[in-house]
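Under the working numbering, residue 1594 is the last one in the sequence shown; the count climbs by one each step, no gaps.
Beta carbons: idealized from backbone N, C-alpha and C, even for Gly.
For reference, the structure is listed below as structure tokens.
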Amino acid sequence: MRTRLAWVWMASSLVLANAAFAEEPARQKLPRVKILATGGTIAGTGASTTQTVGYTAAVLPVDRLLAGVPEMKKVASVGGEQIAQVASENMTHAVWLKLAKRVNQVLATDEVDGIVITHGTDTMEETAYFLNLVVKSDKPVVLVGAMRPATAMSADGPLNIYNAVVVAASSEARGKGVLVTLNDTINGARDVTKTNTSAVDTFRSPDLGFLGYVQDGRAVFYKQSTRLHTTRSVFDVSKLDALPRVEILYGYANNSRVMLDAAVAAGAKGVVHAGVGNGSLFDEVKQGLCEAQKKGVAIVRSSRVGSGIVARNGEANDDELHFVVSDTLNPQKARVLLALALTRTSDPDEIQKLFYQY
Ligand code: ASP
């Protein structure tokens, strides 16, 4: 079905090249931003303008995304590249590693000042945190997505992608780690999480707050994370072609160790337990975790609550049991950090230090 937006894209794509930074002289001084596309709802299409769920994600290629927002050419010289085309529930370590290596390669040149990554919103926070730990550059890297497909009435993708280009082109965004920009707010990769299944203001940084706003072509920052990232991070993926297997287990009443035992039998090198409350453990699960730890599996206690510190030696004697606590990282972020930590060490004390630094 030919929607209004599809018409705009068709018209605009006649005049836009996709990949090169082929800009006329007047634009040569603009910051140069590269868009790396991975799919998601921002590249999704539905059957009608009123369809905001049940659409197909990851359909439109990067040149169509660029063509749909010609305004971005006023703030940056923009080129695009397709890295993947997936709904982000299907994001994999293989794509993370490909993306991270490409980001590092592109930013190491003098030809690009910042990167925007289009991505599905479901696992955007995990990709953002992974990149926050492995990108080796101070230049801005900004993840962006949309909650409504490109064909929907009031689609949020076009303004979100424009804002992301504004942030990536901004010198203010340098050195702040990997950023997530949707719905006019700028969030840090470490603390941001998706909080609503379908609302456009789904991305929040619970308790710790977002870093700034982007408004009318201007990125404004009010704070930044104190934790290590990018150029100060020790994690290096340049020689990695896989990540250690880390599983997440969920805490709930009347729990059992069935899932834990399956994870260990499948060869998990680490387990993140999304415990109840302050990372509390059901007795049978705790017993299983102790046994797994003795077999060399790294155990991280996180929480399903969604905000707050998981206190070391609070709901379990972590010193004695050789467990690690996730600090304020939610389980899915803790999984990312644990996988990277395991590329360097299997010592629980060393892993704990990393959880307090990153
Ligand atoms: N399932 C979609 C994805 O994560 C949702 C979105 O992009 O908002 O790719």
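For aspartate 1420, the shortest C-beta to heavy atom distance toward the ligand ASP is 7 Å or greater. Fewer than three Cβ pairs drawn from the region 1443 to 1463 and the region 1482 to 1492 lie within less than 8 Å of each other, which leaves the two stretches out of contact. Exclusion of the five residues before and after tyrosine 1592 leaves Asp1563 as the residues of its chain whose Cβ lies within less than 8 Å of its Cβ. Bounds of the beta strand (DSSP E) holding alanine 1455 are 1454 to 1457. With distances taken between CA atoms, aspartate 1497 lies nearest to Lys1531 out of Gly1513, Val1269, Lys1531 and Gln1287. Short note on methionine 1495: C-beta not closer than 7 Å to any heavy atom of the ligand ASP. Placement of the Cβ of alanine 1323 at a distance of less than 7 Å from at least one heavy atom of the ligand ASP is found. The region 1298 to 1313 and the region 1328 to 1339 do not touch, with fewer than 3 CB-CB distances between them shorter than 8 Å.
C-alpha of valine 1314 to C-alpha of alanine 1409: approximately 17 Å in a straight line. Relative to the ligand ASP, even the nearest heavy atom lies 7 Å or more away from the CB of aspartate 1437.
Beta-bridge analysis with DSSP links isoleucine 1587 to no other residue. Under the three-state reduction of DSSP, tyrosine 1486 is assigned to strand. For serine 1434, the CB contacts under 8 Å within the same chain, skipping 5 residues up- and downstream, are Thr1288, Val1289 and Met1383 in chain order. The beta carbon of glycine 1280 sits closer than 7 Å to those of Tyr1291, Thr1292, Ala1293, Ala1294, Val1295, Pro1385 and Ala1386, all from its chain and outside the five residues before and after it, given in chain order.
For the 8 Å CB-CB criterion, glycine 1411 and asparagine 1368 do not form a contact. For leucine 1266, there is no enclosing alpha helix (DSSP H), as DSSP marks it with neither H nor E.
Note that the C-beta distance between lysine 1430 and aspartate 1477 is not below 8 Å.
At least one heavy atom of the ligand ASP sits closer than 7 Å to the Cβ of glycine 1381.
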